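Residue numbers (our numbering): 1 to 121.
As structure tokens, the structure follows; a few thoughts come after it.
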């Protein structure tokens, strides 16, 4: 695909087309921002002077198309964003708290039963 490559302004979330910036060195180009959306790997490698895929860190939220394919086919370093993970961690922490409460209640029950048994002895 020959998609346009956009620079992302991380503060405003605005996208800026990078077409026509090939006259800049990669250092000048990156000085203006290092977050991009769209484009294609050929265009990106050319603009940044990438010689080895390991020079690129690709961040995505889809395990197969973003992370696995770019890692396998281009050798890019990859990072997976999992927006749902924060909520899943919170749910797990609540489950652990409940499990601990149940364990404590069972221990209290056992101790109470033993105390009652000692009164009957």
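Glycine included, each C-beta is placed from N, C-alpha and C at the ideal position.
Keep in mind that this is a model prediction, so the values were computed, not measured.
* **Exposure label - residue 59; buried when at least 16 CB within 10 Å** => exposed
* **Start-to-end residues for the alpha helix (DSSP H) that takes in residue 18** => Careful: residue 18 lies outside any alpha helix (DSSP H) and carries neither H nor E.
* For the putative contact between residue 41 and residue 63, defined by C-beta atoms under 8 angstroms, what is the C-beta separation to the nearest angstrom? -> Not a contact, Cβ separation roughly 19 angstroms.
* Mind checking who residue 60 pairs with in its DSSP beta bridge? => 80
* Terminal residues of the beta strand (DSSP E) in which residue 7 lies -> 5-8
* Tell me residue 93's beta-bridge partners as DSSP assigns them. => Residue 93 is not bridged to any residue.
* Quick one: give me the first and last residue of the beta strand (DSSP E) that residue 35 is part of. => First-last for residue 35: undefined, no H or E at that position.
* Own chain partners of residue 39 with C-beta closer than 6 angstroms, once the 5 adjacent residues on each side are dropped -> 3, 5
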